[in-house]
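Visitor:
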Amino acid sequence: MPHFPGRANWMAHPQALASLLTADGDLMRRTRAWLADPGSMTLKLKARTQDFSVRLLRQRPGPILADEHDALGVPARSRVVERDVILHCDGRPVVFGHTVLSTSSVKSDWPFFSKLGTTPLGANLFFDPLVARSPIFYARLHAGHPLMRRIAAALPGALPSTLMARRSLFSRRGGVLMVTDVFLPALEAFIRPGARSKQDI
Numbered sequence: 001m002p003h004f005p006g007r008a009n010w011m012a013h014p015q016a017l018a019s020l021l022t023a024d025g026d027l028m029r030r031t032r033a034w035l036a037d038p039g040s041m042t043l044k045l046k047a048r049t050q051d052f053s054v055r056l057l058r059q060r061p062g063p064i065l066a067d068e069h070d071a072l073g074v075p076a077r078s079r080v081v082e083r084d085v086i087l088h089c090d091g092r093p094v095v096f097g098h099t100v101l102s103t104s105s106v107k108s109d110w111p112f113f114s115k116l117g118t119t120p121l122g123a124n125l126f127f128d129p130l131v132a133r134s135p136i137f138y139a140r141l142h143a144g145h146p147l148m149r150r151i152a153a154a155l156p157g158a159l160p161s162t163l164m165a166r167r168s169l170f171s172r173r174g175g176v177l178m179v180t181d182v183f184l185p186a187l188e189a190f191i192r193p194g195a196r197s198k199q200d201i
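This is the structure:
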């Protein structure tokens with residue numbers, strides 16, 4: 001299937017992971033399970049590290065990405081509010097998080113968003129009874145994708161040519177935001193066979 005550098009081929013349903021992660025083995029099965037997990041990524045990571053932190057890269061208005069406007073339900077070239085972070089476990093960057101929402105819904109539907117700072121977004125999303133989540137979509141991001149370029153800028157050094165990602169929509173009242181998680185290479189240490197959670201220690 002052809003791919004375009006600025007767009008990812010987002011696929012629904014956990015079955016899509018079979019075509020994105022074709023290798024066998026326990027690590028691949030665990031990676032698929034992490035991608036398909038509907039729970040909070042923040043809580044999952046905190047359970048596996050002694051030192052969890054959030055590095056805020058940007059939170060500001062900007063143009064929506066080419067493969068986002070249809071999913072978010074806004075016109076192409078819309079101005080949106082973006083938030084990019086890197087989640088760290090024990091000092092290692094494990095997940096790149098990208099959030100996008102309409103500028104008109106920040107104050108009315110997501111009043112906590114502008115005050116997040118280095119607080120993880122999941123601390124609000126998964127504990128607010130007004131928030132509903134859509135099914136998860138999956139993709140393999142290639143080097144030319146805008147999010148891959150942002151990751152490369154934030155983490156100088158060699159990166160794989162592709163990275164696995166997932167995204168889903170969250171709705172609250174009339175507002176919708178979209179969260180994309182990109183799995184970084186260092187995450188493997190926390191999901192590989194033998195990795196233990198803090199509850200096991």
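In the UniProt record's numbering, the protein residues as written are 1 to 201. Backbone N, C-alpha and C fix where the C-beta goes; we use that ideal spot for every residue, glycine too.
1) Can you tell me which of the three DSSP states PRO111 falls into?
2) Should the stretch 54-68 be regarded as contacting the stretch 78-91, the criterion being three or more beta carbon pairs within less than 8 angstroms?
3) My parser needs the alpha helix (DSSP H) runs of 4 or more residues fully inside the stretch 80-153; what are they?
4) May I ask you to report which of helix, strand or coil DSSP gives LEU27?
5) Helix, strand or coil for LEU184, going by three-state DSSP, please let me know.
6) With burial defined as no fewer than 16 other Cβ atoms inside 10 Å of the residue's Cβ, what is the status of ARG77: buried or exposed?
7) In three-state terms, what does DSSP make of LEU163?
8) Going straight from the alpha carbon of ASP200 to that of PRO75, what length do you get?
9) Does the Cβ-Cβ distance between PRO135 and SER168 come in under 8 angstroms?
10) Is it the case that the Cβ atoms of PHE126 and SER40 are separated by a distance below 8 angstroms?
11) Look at the alpha carbon of LYS44 and the alpha carbon of SER104, and state the distance between them as a whole number of angstroms.
12) Measuring straight from C-alpha to C-alpha, what distance separates GLY97 and ILE86?
13) Can you tell which of ASP128, ALA8, ALA165, LEU187 has the C-alpha that lies nearest to the C-alpha of ALA36?
14) Starting from the C-beta of MET1, find all residues in its chain whose C-beta is less than 8 angstroms away, skip the five residues before and the five after it, and write them out in chain order.
15) Who are the near neighbours of SER108 in its chain, counting only those whose CB is closer than 8 angstroms to its CB and skipping five residues on each side?
16) Give every residue of the same chain whose Cβ lies closer than 7 angstroms to the Cβ of PRO93, excluding the five residues on either side of it in the sequence, and list them in chain order.
Guide: The short version:
1) coil
2) Counting Cβ pairs under 8 angstroms, three or more are found: they touch.
3) 106-109, 122-125
4) Helix at LEU27.
5) Under the three-state reduction of DSSP, LEU184 is assigned to coil, being neither helix nor strand.
6) exposed
7) Of the three classes helix, strand and coil, the one that applies to LEU163 here is strand, per DSSP.
8) Note that ASP200 scores a pLDDT of 48, beneath 50, so its modelled location is shaky; the value from the coordinates is reported in the next line. Each residue's Cα considered, the two are about 48 angstroms apart.
9) yes
10) yes
11) Each residue's Cα considered, the two are about 31 angstroms apart.
12) Computed Cα separation, rounded: 6 angstroms.
13) ALA165
14) Confidence at MET1 is low in this model, with a pLDDT of 45, below 50, so its placement is unreliable and the value that follows should be read with caution. These residues qualify, in order along the chain: ASN9.
15) ARG173, GLY174, GLY175
16) ILE86, LEU155, LEU184, ALA186
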